[in-house]
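To keep things clear, I will list the structure first and then write my remarks on it.
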Amino acid sequence: MKKVIAGVLSVAMVAAFAAGCTTPETDATGATDATGETVETDSTDATDDTEETTTAKQEMTIGTGAEVINLWSFTNEIPNMVNQYVTQNPAFGEKYTVQCTIIATDGGAYQQALDAALVAGGDTAPDMYAAEAAFILKYSQGDMAKFAATYESLGIDVDAKAAAAEIAPYTIDIGTRDGKIVALGYQATGGAMIYRASIAKEVFGTDDAAEIENIVGAGSGNWDKFWEAAATLKEKGYAVVSGAGDMWNVCEKSATQPWIVNGELNIAPEREAYLDIAKKLKDEGLSNDAAGWTEAWYADMAGTGAKGVFCFFGPAWLINYVMIGNCGGEAEGQGTYGDWRVCAPPVGFFWGGTWVLGRDGTAHAEGVAELIEWITLDTSETGLQYLWANDKMGNGAKDTVASGVVMAKSDGTLPFCGGQNIFPAFIAGNANASGKAMTQYDETINGYFTDAATQYAEGNLDRDGAIEAFKTNVSDNLSF
């Protein structure tokens, strides 16, 4: 499981700890389409022993209709959703054939192929395509935004439906170009603090979420009380987090200013603070110094690391697709299963997500609109978001979704979290998240900045030197 997740989440996620893929697997080999036929795909194994991940181009065909909708994605997640829709609505599959192309994000492969296909146009051009948080701005507002159709032009009454569904505002901000929505997500990835109940009770005398929120300064917008809690945890022999990377995404996605302002590199204070956070964790021994997506990180989820780790920061998908599979058990009393709880973090943030776009000029606007609306705006109990939130898609997870209406009528109770209903904390996280400080260059710039922060934390550069090295990297490679 660990290798599958690490492979799917891509090099960008490992390097910058900030990409947005949320599914645990990409291998569509042997998938079953809505016609009941097995779909064979061209895949290449990328790992050893019994665990597999796939980086090659894969194809999946859904439906038997004469009209062909070309769907491009970086995992089989959206193709599987389309398969579900056709199963529920056979008439769609009789009218359309959805030809799915799946290319993993590793090394930028998906973006390169998607860009080429959009530019080339023609009958095989994508009619519908996906973009994750790491690069959505490129397609919704940046260099490739001209290819995205407004939802309105596809025939979707998007403004009214988004308001009625109470779609998380930050997901709309990210998917809006010139005041028009061109992309929406089905997930909401507002973050929470995910903490060990047993450690909380031992160190602080309580595991109650409301009391823990007070202890760590939830919603304060700063880390003052969190550091006080970290010092108390250290006295008892515990680490507050696994590694500095656990706090990077909070800093990065709580920024109030983008990396680029008026064509110039800009370091928002929330991001600059990460330099001092990484240094403090290292110098004061407040973490296990584990890097994300490594065996040491997974060990801390299982409670088998050098020191017990109090908390992780992340959205619901971190629980569903990473922590549960790496907790060392499958039932309460095994590993750390059942010992986790969720509360609001000191600083609001989001992490990840996938947005769905339609191509401007598609000959199949009606079919594309039907799929997009079902995935992103349908709040009924047969809509994708309700199925997704209530573990009715067969993926073994109750995930947070973009619609507040759906979240309000869904059950977020998780045995992994001791029977806690995790949804309220994540709903609050969605409300506090903002997508207004993003640029299409974030994936690259984030990597340069976290590299510089690591050099500073490890004592290889002083603070000014780390900032200068970061600026040089950006200037040399992006010309800002």
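Numbering (my numbering), first residue to last: -18 to 461. Every residue, glycine too, gets a C-beta built ideally from N, C-alpha and C.
With a threshold of 16 other beta carbon atoms within 10 Å, Lys142 meets it and is buried. Non-local C-beta neighbours of Gly400 in its own chain, meaning closer than 7 Å and more than five positions away in sequence, comprise Thr394, ordered along the chain. Between Ala370 and Asp380, the gap from beta carbon to beta carbon is short of 8 Å. Relative to the Cα of Glu311, the nearest Cα in the group Gly377, Ala259, Asn413 and Asp264 belongs to Gly377.
By the CB criterion at 8 Å, Met109 and Ile50 fall inside the cutoff.
In the three-state DSSP reduction, Glu311 falls in the coil class, being neither helix nor strand.
Excluding sequence positions up to five before and after Gly218, its CB lies within less than 7 Å of the CB of Lys288, all in the same chain and listed in chain order.
In the three-state DSSP reduction, Leu262 falls in the helix class (H, G or I). The DSSP-derived three-state label of Trp332 is coil. By the beta-carbon neighbour count (other beta carbons within 10 angstroms, threshold 16), Val242 is exposed.
Across the set Asp432, Asp445 and Arg444, the C-alpha of Asp432 shows the shortest separation from the C-alpha of Asn454. DSSP lists no beta-bridge partner residue for Lys417.
Sixteen is the threshold: when 16 or more other Cβ atoms of the shown chains lie within 10 Å of the Cβ of Asn269, as they do, the residue is buried. In the DSSP assignment, Asn195 falls within the unbroken alpha helix (DSSP H) covering Ala190 to Val197.
Apart from the 5 residues on each side of it in sequence, Pro239 sits with its Cβ closer than 6 Å to the Cβ of Ala418 and Thr420 in its chain, given in chain order. Judged by DSSP secondary structure, Val139 falls within the alpha helix (DSSP H) whose first and last residues are Val139 to Ala146. For Trp53, the enclosing beta strand (DSSP E) begins and ends at Glu48 to Ser54. Here Leu459 has Tyr422, Thr425 and Ile426 as same chain residues with Cβ atoms under 8 Å from its own Cβ, once five neighbours each way along the sequence are excluded. As DSSP reads the structure, Cys81 sits in a beta bridge with Met41 and Leu52. In terms of Cα proximity to Cys398, the closest of Ala181, Arg177, Ile162 and Ala37 is Arg177. A residue is called buried when at least 16 other Cβ atoms come within 10 angstroms of its Cβ; Lys119 meets this threshold and is buried. With contacts defined by Cβ atoms closer than 8 Å, Val221 and Phe330 do not form a contacting pair. DSSP, read as helix, strand or coil, puts Gln168 in strand.
Burial of Glu233 is indicated by the presence of at least 16 other C-beta atoms within 10 angstroms of its C-beta.
Asp359 and Ala115 have their C-alpha atoms some 25 Å from each other.
In the DSSP annotation of this structure, the continuous segment of the beta strand (DSSP E) that includes Val323 starts and ends at Trp321 to Cys324. Of the candidates Ala414, Thr86 and Ala383, the residue whose Cα lies closest to the Cα of Ala144 is Ala383. The C-beta distance from Ala272 to Gly226 rounds to 6 Å, short enough to meet the 8 Å contact threshold. Within the same chain, Cβ atoms closer than 7 Å to the Cβ of Pro326 are found at Gly172, Ala173, Met174, Ala199, Val231 and Phe294, the five residues on either side in sequence being excluded. Here Thr152 is buried. Its C-beta has 16 or more other C-beta atoms within 10 Å. Pairwise C-beta distances place the segment 79 to 90 in contact with the segment 52 to 69, as three or more of them are shorter than 8 Å. Here the alpha carbons of Ala236 and Ala447 stand approximately 19 Å from one another.
DSSP places Gln366 within a helical segment (H, G or I) once states are collapsed to three.
Counting only the Cα atoms, Phe407 lies some 22 Å from Ser179. Apart from sequence neighbours up to five positions away, the residues of its chain that approach Ala249 with a beta-carbon distance below 7 Å are Ala236, Thr237, Gln238 and Ala418, ordered along the chain. The C-alpha of Asp159 is placed about 46 Å away from the C-alpha of Ala280.
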